[in-house]
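Trainee: This is the structure I want to talk about, given as structure tokens.
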Amino acid sequence: MATDNILEVRNMVKHYPIKAGVFQHTVGHVKSVDGVSFNIGRGKTFGLVGESGCGKTTIGRTLLRLTEPTSGEAILNGKDIFKMKKRELKEMRPHVQMIFQDPYSSLDPRMPVGEIIGEAVKEHNIVSKADYRDYVLNIMEDCGLRTYYIDRYPHEFSGGQRQRICIARALALNPSLIVADEPVSALDVSIQAQVINLMRDLQEKRNLSYLFISHDLSVVEYISDVVGVMYLGNLVEMAPKKELFKNPQHPYTKALLSAVPIPDPDVKMKRIILEGDIPSPANPPSGCKFHTRCPYAKPICKEKVPEFKDYGNDHQIACHLMDEK
Amino acid sequence: MAEIQSINEQEVIEHEKSQVVYTPGQLVIKRFFRNKLAILGLGIIIAVVLFAVIGPMISPHGESEIFYKNDSTGEIFSGTKEPEKLKDIANVGVYVKGEMDSQFWLGTDANGMDTFTRLMYGCRISLMFSIVVTIIEMLLGITLGGIAGYYGGKVDMIIMRLVEIFYCIPFVPLMLLVSTMMVAFGILPEQKIYWLMMIMGFFNWSGVARMVRGQVLTIREMDYMQAAEAGGISVRRKIFKHLIPNAMPVIIVMASMDLGSFILTESTLSYLGVGISTPFASLGTMIQAVNQSVILKNYLNLWIPPGIMLLLIVLAFNFIGDGLRDAFDPKMKR
Amino acid sequence: MKEIKALNKKMYKKFNQEKKRNNVPESEYVTEMRNPQNIVEFDNLKTYFYTDQGTVKAVDGVTFEIPMGKTIGIVGESGCGKSVTSLSLMRLLQGPQGQISGGEIRYNRDEQPVDIAKVPVKLMQKIRGNEISMIFQEPMTSLNPVFTIGDQLSEILKLHNPDMDKKDMEERVIELLRLVGIVRDGISDSYPHELSGGMKQRVVIAMALACNPRLIIADEPTTALDVTIQAQILDLLRNLKDKINASIMLITHDLGVVAEMADYVVVMYAGRVVEQGTAQDIFHNPAHPYTVGLMKSRPVLNEEIGRLYSIPGNVPNPINMPSHCYFKNRCEKGVEKICGGEYPPMIDLSETHKVACYRCNEAVQEGGEADGN
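Each protein sequence line maps, in turn, to chains L, R and Z.
The letter at position 280 of the first sequence is residue 398 when you use this note's numbering, and the numbering goes up by one with no holes.
The letter at position 98 of the second sequence is residue 139 when you use this note's numbering, and the numbering goes up by one with no holes.
The letter at position 272 of the third sequence is residue 964 when you use this note's numbering, and the numbering goes up by one with no holes.
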């Protein structure tokens, strides 16, 4: 099994210091990611769901070393990304790429499309100079971009097309893993479908692995093979897609699933409505972080942090209630 | 049904191909030239530059050429070109505050020099002065601000404290001091102007640095910079291909505004007597003539033209700056 | 280029003249409702933006009605004109570029029905906020950060009921906050930044309810919120619907939200209504290819689908719209012979269900044979 994984993340922690005062001393930490472990299989998609502030974006950025991790390890092709030195890191870059949420700020407005896509190709000498233009055109065609777009500037494109350009830029480096941070949530519904389909087609064609980060459960269900649910810096539940969506166990997952509006006026879901708001990650509740909003909270939840355990069918859950069953 | 879509596809491709493609730069230029005030500003500046550069070549008089008048013959002549005529000491006097006529379009000033010609030289020096100061200021400000913004941390801390210190220095008293020192060290008037340029440039970089730092900080957090980082793009390329082109609009706008404001500062200093000194003309030294109440009242031709010139130049630079800002960022307009 | 500028100048002038007019005679704006059971009737509303690039027909002949006490959901993608429709109703368009260029918005006032498109500015100020209120997408930007929640609520109350005394006002503020599910003590003394996004949105809703409006326009009220908070707010809105006697005009791009909230649904595309009907009509028998495409392109929870359906292409450029059906180029049912002609008229499929598509009518007449092509 283990050899099949393209990426293994062990106990990733990322704390942002909170600085205050004249001398900017650290007064506390925002525990953005607080010990997260997961694997991504080769050619598979790992979906990461959670609400804003749960640390899902931080995981993506830390994996690319756009922010430095506090501790933990992330093994990609046998090497730990978090321990890489500058040179190694540069060699690693092409293997892991990212697609961003906002298609407007992720393209340099002063660069033509061809250069945006090919910039890093040149940097890493992936193809010879003679083949360069054809290579870029080829990638563009793969991503559903017309070839004459190559000399145009980003301002001429709509959100969907811009997102295609972002995908093309990531793809040009021939990566094996793509971190997609909410790639469709800024797009219109009909365009979302185009981008998702494109991502799926590319996955099949190039045996890509995705880390798909989103707050949109239905999209995650559609695209992922394994799904992890995050709450305040921790995974609370992780399982293969079917298992998780058919048989959710953690109260938070249940609430999250029931909160999604169903586009059918006659279906009236029995909704679990969570009280209150998400606590601040700078000062998370003790014990199980979810106990302040959990409808089934017990005294033990306040005191002891639940263990993230496998309860069969590759279904991992962190909840005290599971042990009682 | 498939064919209708392919027909449409063809239509779209043809339509898109027929579109005129503009680069962001071309778009900016197009928007700039749609702004009437900006065009006016550009026109004024071009006119003033031509006036200041070509004017002296055409003008028959020199910058510090003194004219004399022989009272008995009524003849007016140049002291440098026809020195032999000066010998008639009894009748010859400096042609002071001469009237406007075909030879002296704006008359002569209190030293017997041609005002119109001096106006040309004045514009030339003032423009030169402000351009050089702006360049010095920008070089210092962009470098330091860029370093502070890009590297952050301690470097940023140090540079920003430096900026704050420079902000606290009272500029005019400092210039008074510098001027006195220059006199004490016996620096010649023709060298004084270079010293002034350097000192002014050196004491004005802080505003630019602060602005550039802010700009770099925002651009650095943009997703495309993150994407460049993730693509392993080298630091040099990141700075020169992404950071600087995207910070350029703000820098250009600021530079165009500063060009105007330095002309104003230079005039203030010259007016106070700490800037450029006679015999060299600058707009400020020319306006300084107004200190004599006789001139203020009776010889409007001596100080109004340089005043208007000053007003026009500063206004024009501001129009251009505003026009550029709107052209770079059309959303800012409202 | 010149023509555009000349036209814009003319329209700006017209706009400013209309704005300046005092003492508009009542006969100009008083109308008759087509159906007295409706609170608002949009009749061929046309809202254009006169920009430097040309005239953008943001809303181009929109006709639908909002029945009293019902919730109507307006669905469409960005740029389809759904927000502009609501802004036209509030007369909050960015002038002088944005103007109502034609059509009527009949609003059933208590005294007499009026045409919002022609109502003088003074009367509009009375209607706005008092009778029709609005909930915006961003709760952060619709609250003033320097005043407490209580201050902001009582300010609205004061504006619309000048003779209310202080004690009544305080009571009313607390009552309003309780109505939106905020029961914490002392909340009216807190500032917006002390509240979370969901709380802020509740306060915004309370502000919209402050004057017992007859119509509430909710423009993407939950888009900026997290899923669990969205569920809270939707739940709140649904409960409020029964408690207050107001119609709700819900604008959203999320079909799920509409299905849950709305009694009637209007689907808009490129400034036109392409389909309208009851929620059941739209969700169970969608007729317009665009509506069908929209529904198919969203993955649904716990439903296995092979490949997502995606509508090809992009929304057409809003300047210089073609004369044929705007959706023709993206439509999988499009036939040049039929769809290449004029823009299709609204066809009644049933008493409540209307659609603007030539092919749908055909499909109904031929009993679905057209699908075989």
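Note that the Cβ used here is the ideal one computed from N, Cα and C, for glycine as well.
Here the structure is a predicted model, which is why all the values come from computation and not from measurement.
I believe proline 97/R touches methionine 161/R by the beta-carbon criterion, under 8 Å. Please report the beta-carbon distance rounded to the nearest angstrom.
Mentor: Within the second sequence, the letter at position 56 stands for residue 97/R. Within the second sequence, the letter at position 120 stands for residue 161/R. About 5 Å; that satisfies the 8 Å criterion.
Trainee: Please go through the same chain and pick out, in chain order, the residues whose beta-carbon is closer than 8 Å to the beta-carbon of methionine 373/R, but skip the five residues on each side of it.
Mentor: One-based indexing of the second sequence puts residue 373/R at position 332. Because the pLDDT of methionine 373/R is 49, which lies under 50, any placement of that residue in the model is unreliable, and the number read from its coordinates should be weighed accordingly. Once the five neighbours on either side are set aside, the close Cβ partners of methionine 373/R are Arg366 and Asp367.
Trainee: Below 8 Å on the Cβ atoms is my guess for proline 905/Z versus alanine 938/Z; work out the distance and round it to an integer in Å.
Mentor: The count along the third sequence starts at 1 and reaches residue 905/Z at position 213. The count along the third sequence starts at 1 and reaches residue 938/Z at position 246. The pair is a contact, with the Cβ atoms about 6 Å apart (cut-off 8 Å).
Trainee: When burial is assigned at 16 or more other CB atoms within 10 Å of the CB, is isoleucine 124/L buried or exposed?
Mentor: In the first sequence, the residue the question calls residue 124/L occupies position 6. That one is buried.
Trainee: So with Cβ pairs under 8 Å, would you call leucine 439/L a contact of chain R?
Mentor: Taking the first residue of the first sequence as position 1, residue 439/L is located at position 321. Taking Cβ atoms only, chain R never reaches closer than 8 Å to leucine 439/L, which makes this a no.
Trainee: Return the chain-ordered list of same chain residues with a C-beta closer than 8 Å to the C-beta of leucine 305/R, the five sequence neighbours on each side being excluded.
Mentor: Taking the first residue of the second sequence as position 1, residue 305/R is located at position 264. Contacts found: Leu351 and Val355.
Trainee: Between the stretch 192-206 of chain R and chain L, which residues of the former have a C-beta closer than 7 Å to a C-beta of the latter?
Mentor: The residues in question: there are none.
Trainee: Got a sec: is the Cβ-Cβ distance from histidine 56/R to anything in chain L below 8 Å?
Mentor: For the purposes of this step, residue 56/R is identified with residue 15 of the second sequence, where counting begins at 1. Not an interface residue.
Trainee: By the three-class DSSP mapping on this structure, what secondary structure does leucine 901/Z have?
Mentor: As a position in the third sequence, residue 901/Z is number 209, starting the count at 1. Of the three classes helix, strand and coil, the one that applies to leucine 901/Z here is helix, per DSSP.
Trainee: What whole-angstrom Cβ distance do tyrosine 370/L and valine 354/L have, given they're in contact under 8 Å?
Mentor: For the purposes of this step, residue 370/L is taken as the residue at position 252 of the first sequence. For the purposes of this step, residue 354/L is taken as the residue at position 236 of the first sequence. With 8 Å as the limit, tyrosine 370/L and valine 354/L qualify as a contact, their Cβ atoms being about 5 Å apart.
Trainee: What residues from chain L crowd round glutamine 51/R, counting only those whose CB sits closer than 7 Å?
Mentor: If you number the second sequence from 1, residue 51/R lands on position 10. Ordered by position in chain L, no residue passes the 7 Å Cβ test against glutamine 51/R, which lies about 12 Å from the chain.
Trainee: Give every residue of the same chain whose Cβ lies closer than 7 Å to the Cβ of glutamine 804/Z, excluding the five residues on either side of it in the sequence, and list them in chain order.
Mentor: Sequence index remark: in the third sequence, residue 804/Z carries index 112 (1-based). Closer than 7 Å at the Cβ level, and outside the excluded window around glutamine 804/Z, lie Val722.
Trainee: Does the stretch 368-388 of chain L come close enough to the stretch 920-933 of chain Z to have 3 or more Cβ pairs within less than 8 Å?
Mentor: Segments in contact, yes.
Trainee: Quick test of your reading: alanine 79/R and aspartate 363/R, contact by CB under 8 Å. State the CB separation rounded to the nearest angstrom.
Mentor: Your numbering for residue 79/R matches position 38 in the second sequence. Your numbering for residue 363/R matches position 322 in the second sequence. About 7 Å; that satisfies the 8 Å criterion.
Trainee: Assuming contact is defined by CB atoms lying nearer than 8 Å, are leucine 907/Z and isoleucine 1030/Z in contact in what I supplied?
Mentor: As a position in the third sequence, residue 907/Z is number 215, starting the count at 1. As a position in the third sequence, residue 1030/Z is number 338, starting the count at 1. Not closer than 8 Å, so no.
Trainee: Can the beta-carbon of leucine 1118/Z be found closer than 8 Å to that of isoleucine 879/Z?
Mentor: Only positions 693 to 1065 of chain Z appear in this structure, which leaves residue 1118/Z out of reach.
Trainee: I'd like the span of the beta strand (DSSP E) that includes glutamine 791/Z, first residue to last.
Mentor: Residue numbering aside, residue 791/Z sits at position 99 when the third sequence is read from its first letter. Segment 790-799, the beta strand (DSSP E) holding glutamine 791/Z.
Trainee: For alanine 357/R and serine 302/R, I'd like the C-alpha separation in whole angstroms.
Mentor: As a working mapping, residue 357/R is identified with position 316 in the second sequence. As a working mapping, residue 302/R is identified with position 261 in the second sequence. Computed Cα separation, rounded: 11 Å.
Trainee: Measure the CB-CB distance between glycine 134/R and leucine 127/R and report whether it falls below 8 Å.
Mentor: Walking along the second sequence from the start, residue 134/R turns up at place 93. Walking along the second sequence from the start, residue 127/R turns up at place 86. Not in contact: glycine 134/R and leucine 127/R (Cβ atoms no closer than 8 Å).
Trainee: Check serine 376/L in the structure and name its three-state DSSP category.
Mentor: Translated into the one-based positions of the first sequence, residue 376/L becomes position 258. Correct three-state label for serine 376/L: helix.
Trainee: Cβ closer than 7 Å: which chain L residues qualify as neighbours of tyrosine 1001/Z?
Mentor: Locating residue 1001/Z in the third sequence gives position 309, where the first residue counts as 1. Ordered by position in chain L, the residues that pass the 7 Å Cβ test against tyrosine 1001/Z are Ala311.
Trainee: If you drop the 5 nearest sequence neighbours on each side, which residues of the same chain put their C-beta closer than 8 Å to that of methionine 856/Z?
Mentor: Counted from its first residue, the third sequence places residue 856/Z at position 164. Leu849, Lys850 and Arg864, listed in sequence order.
Trainee: Hey, does methionine 987/Z have any beta-carbon neighbour from chain L nearer than 8 Å?
Mentor: Along the third sequence, read from residue 1 onward, the residue named residue 987/Z stands at position 295. Methionine 987/Z counts as touching chain L.
Trainee: Would you say serine 143/R lies against chain L (beta-carbon separation less than 8 Å)?
Mentor: Residue mapping note: residue 143/R aligns to position 102 of the second sequence, counting from 1. It does not; no Cβ of chain L falls within 8 Å.
Trainee: Please report how far the alpha carbon of glutamate 178/R lies from the alpha carbon of isoleucine 292/R, in whole angstroms.
Mentor: Mapped onto the second sequence, residue 178/R falls at position 137. Mapped onto the second sequence, residue 292/R falls at position 251. Their backbone Cα atoms lie some 11 Å apart in a straight line.
Trainee: Among the residues of its own chain, which have a CB less than 7 Å from the CB of glutamine 312/L, if the five just before and after it don't count?
Mentor: As a position in the first sequence, residue 312/L is number 194, starting the count at 1. Only Gly278 meet the Cβ criterion.
Trainee: In the DSSP assignment, find the beta strand (DSSP E) that holds threonine 739/Z and state where it starts and stops.
Mentor: Taking the third sequence and counting its residues from 1, the one referred to as residue 739/Z is at position 47. Counting along the chain, the beta strand (DSSP E) containing threonine 739/Z begins and ends at 730-743.
Trainee: Between arginine 165/R and the ligand ZN, is the CB less than 7 Å from at least one heavy atom?
Mentor: Among the ligands in the structure shown, none appear at all, so the ligand ZN cannot be discussed.
Trainee: According to the neighbour-count rule (16 or more other Cβ atoms, all chains shown, within 10 Å of its Cβ), is isoleucine 95/R buried or exposed?
Mentor: Residue mapping note: residue 95/R aligns to position 54 of the second sequence, counting from 1. Flag for isoleucine 95/R reads exposed.
Trainee: If contacts are defined as beta-carbon pairs under 8 Å, then glutamate 116/R and aspartate 155/R qualify, I think. What distance do you get, rounded to the angstrom?
Mentor: Taking the second sequence and counting its residues from 1, one reaches residue 116/R at position 75. Taking the second sequence and counting its residues from 1, one reaches residue 155/R at position 114. Going by Cβ atoms, the distance from glutamate 116/R to aspartate 155/R rounds to 16 Å, so no, they are not a contact pair.
Trainee: The alpha helix (DSSP H) with asparagine 359/R in it runs from where to where?
Mentor: Locating residue 359/R in the second sequence gives position 318, where the first residue counts as 1. Segment 341-369, the alpha helix (DSSP H) holding asparagine 359/R.
Trainee: Taking buried to mean at least 16 other C-beta atoms within 10 Å of its own C-beta, is valine 838/Z buried or exposed?
Mentor: Sequence index remark: in the third sequence, residue 838/Z carries index 146 (1-based). Exposed, since its Cβ has fewer than 16 Cβ neighbours within 10 Å.
Trainee: Can you tell me whether DSSP reads asparagine 352/L as helix, strand or coil?
Mentor: What you label residue 352/L is simply residue 234 of the first sequence in a count that begins at 1. Three-state result, asparagine 352/L: strand.
Trainee: In whole angstroms, what is the alpha-carbon distance linking proline 230/R and leucine 324/R?
Mentor: Here residue 230/R is taken as the residue at index 189 of the second sequence, counted from 1. Here residue 324/R is taken as the residue at index 283 of the second sequence, counted from 1. Looking at the two C-alpha atoms, the distance is approximately 16 Å.
Trainee: Whose Cβ in chain L lies nearer than 9 Å to the Cβ of valine 276/R?
Mentor: In the second sequence, the residue the question calls residue 276/R occupies position 235. Near valine 276/R there are no residues of chain L at all, since even the closest Cβ is about 11 Å away, more than 9 Å.
Trainee: Assess, as a yes-or-no matter, whether the stretch 1039-1051 of chain Z is touched by the stretch 961-975 of chain Z under the definition of 3 or more beta carbon pairs within less than 8 Å.
Mentor: Touching, per the Cβ criterion.
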